[in-house]
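**Q** Under the working numbering, the final residue of the sequence shown carries the number 805; numbering is consecutive throughout.
All C-beta atoms, glycine included, are put in the ideal place defined by N, C-alpha and C.
Note that this is a predicted model, so its numbers are computed, not measured.
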Amino acid sequence: ISTRTHIAGFNFDNCIMNAAGVYDYSAEELDAVQQSAAATFVTKSATLVPREGNPEPRYCNTPYGSINSMGLPNFGLAYYLDYVSAAQRQVPGKTYFVSLTGFNVEEDIALLRQVQASDFEGIVELNLSCPNVPGKPQTGYDFEAVTRILEAVFDLYRAPLGIKLPPYFDLVHFDQIAAILNRFPLAYVNSVNSIGNGLCVDAAAESVLIKPKQGFGGIGGAYLKPTALANVFAFRQRLNSSIQIIGTGGVQNGTDVFEHILCGADMVQVGTVLHQEGVAVFERLTRELKAVMAQKGYGGIDEFKGRLKTL
Ligand SMILES: C=Cc1c(C(=O)O)[nH]c(=O)[nH]c1=O
């Protein structure tokens, strides 16, 4: 039984990896993912210069997942390009993802020029959905901004590039954003980022759980799965077949991975469960997915990918 997959013409031995922002901030964390059963890694979304991020506590586990308002802490794009450059030499033939995010089109372009000037051979993930920078709206909800950014990006960048989107909650919005995305040579769409600006409360302490933004933060984990699966399935039905889909959100076991692929995902990313369980989660999820596939008689993921039945 094989759980291998392919994205943008690159082959991967597995279809499960980390989600940007989780277990990918430091070289040590990236090493751990690199040495695990994960297909590959994506770096923490990088900015032009290093960022401290928001004051702590800025992440908290909750009964059904997590809430975070990290505020984009990262060591800056150069740090991650250096790490991936070394990884490309150490493990040739493996493809890595670098996530990046600017605060405006000019910064997005500057980041991509920096990638072009490096020896990076992998896939760029442009994050259009960070919900936790005070004063900055999630770009993915501003359709004119998304159009402007993608026009500038694809004028400049010709190598494989995907985008990370926030969750949408309205079928007309799926129609509108998909019509925009279909105009561009995107390698993939990654759905979904956390549900922005949720609020979790500690009733005993009568307090919020995290310090930034009066406790408002991105919601991840089990809460997220129905929304994540809806976004994957909605985009699979609307996007050109040339645009692949990475499914992210709410994965806790192999059946959840199976469900994302059934909805149309070509790769599945995990965040909260990885944060809570560590990199051993990749071996567990892979084993559980293979068990589901064996029980159903599937030899590879293409045999059921996107085959969700409607009634
Ligand atoms: C890149 C910033 C993000 C962050 C963050 O750094 O606060 N948290 C998320 O849940 N999603 C993001 O995209």
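(1) Is Ala759 closer than 7 Å to Gly559 when the C-beta atoms are compared?
(2) What does the alpha-carbon distance come out to for the pair Arg730 and Gly800?
(3) Identify every residue that forms a DSSP beta bridge with Lys658.
(4) Report the rounded CA-to-CA distance for Ala604 versus Ala697, giving the unit in angstroms.
(5) On the three-state DSSP scale, how would you describe Leu452?
(6) Please classify Tyr553: does DSSP put it in a helix, a strand, or coil?
(7) What does the Cβ neighbour count give for Ala581, buried or exposed, with the cut at 16 atoms within 10 Å?
(8) Taking the alpha-carbon positions, what's the Leu665 to Pro706 distance?
(9) In this structure, does DSSP put Ala611 in helix, strand or coil?
(10) Secondary structure at Val702, three-state DSSP: helix, strand or coil?
(11) Tell me whether Ser520 counts as near ligand 1, meaning its Cβ is closer than 6 Å to at least one heavy atom of that ligand.
(12) Looking only at its chain, what residues have a beta carbon closer than 6 Å to the beta carbon of Leu768, apart from the 5 residues adjacent to it on each side?
(13) Mind checking Gln746: buried by the 16 CB within 10 Å criterion, or exposed?
(14) With distances taken from CA atoms, which of Cys554, Phe614, His500, Glu601 is nearest Val702?
(15) At a cut-off of 6 Å, is Asn691 close to ligand 1 when judged by its beta-carbon and the heavy atoms of the ligand?
(16) Of all the options Tyr635, Tyr574, Arg552, Tyr662, which has the alpha carbon lying nearest to the alpha carbon of Glu619?
**A** For this structure:
(1) Against the sequence shown, residue 559 aligns to sequence position 65. Against the sequence shown, residue 759 aligns to sequence position 265. Not a contact, by the Cβ cut-off of 7 Å.
(2) Start at 1 with the first residue of the sequence shown, and residue 730 comes out as number 236. Start at 1 with the first residue of the sequence shown, and residue 800 comes out as number 306. The alpha-carbon atoms of Arg730 and Gly800 are separated by roughly 7 Å.
(3) Locating residue 658 in the sequence shown gives position 164, counting from the first residue. Answer is Asn621, Asn684.
(4) As a first step, residue 604 must be located in the sequence shown, where it is residue number 110. As a first step, residue 697 must be located in the sequence shown, where it is residue number 203. When rounded, the distance between both Cα atoms is 45 Å.
(5) With the chain represented from 495 up to 805, any question about residue 452 goes unanswered, as that position is not in the structure.
(6) Taking the first residue of the sequence shown as 1, we reach residue 553 at position 59. Note: Tyr553 maps to strand in three-state DSSP.
(7) Counting from one through the sequence shown, the residue named residue 581 turns up at place 87. Buried, since its Cβ has 16 or more Cβ neighbours within 10 Å.
(8) Within the sequence shown, residue 665 is the residue found at index 171, counting from 1. Within the sequence shown, residue 706 is the residue found at index 212, counting from 1. Answer to the nearest angstrom: the Cα atoms are 32 Å apart.
(9) Position 117 of the sequence shown, counting from 1, holds the residue named residue 611. Note: Ala611 maps to coil in three-state DSSP.
(10) Within the sequence shown, residue 702 is the residue found at index 208, counting from 1. Here Val702 sits in strand by DSSP.
(11) Within the sequence shown, the letter at position 26 stands for residue 520. Ser520: no, Cβ never under 6 Å from ligand 1.
(12) Here residue 768 refers to the residue found at position 274 when the sequence shown is read from its first residue. Cβ within range, chain order: Asn512, Val516, Tyr517, Val775.
(13) Taking the sequence shown and counting its residues from 1, the one referred to as residue 746 is at position 252. Its Cβ being crowded by 16 or more others within 10 Å, Gln746 is buried.
(14) What you label residue 702 is simply residue 208 of the sequence shown in a count that begins at 1. Cα-wise, what sits closest to Val702 is Cys554.
(15) Counting from 1 along the sequence shown, the entry for residue 691 is found at position 197. No, the Cβ of Asn691 stays beyond 6 Å of every heavy atom of ligand 1.
(16) As a first step, residue 619 must be located in the sequence shown, where it is residue number 125. Ranking Tyr635, Tyr574, Arg552, Tyr662 by Cα distance to Glu619 puts Tyr574 first.
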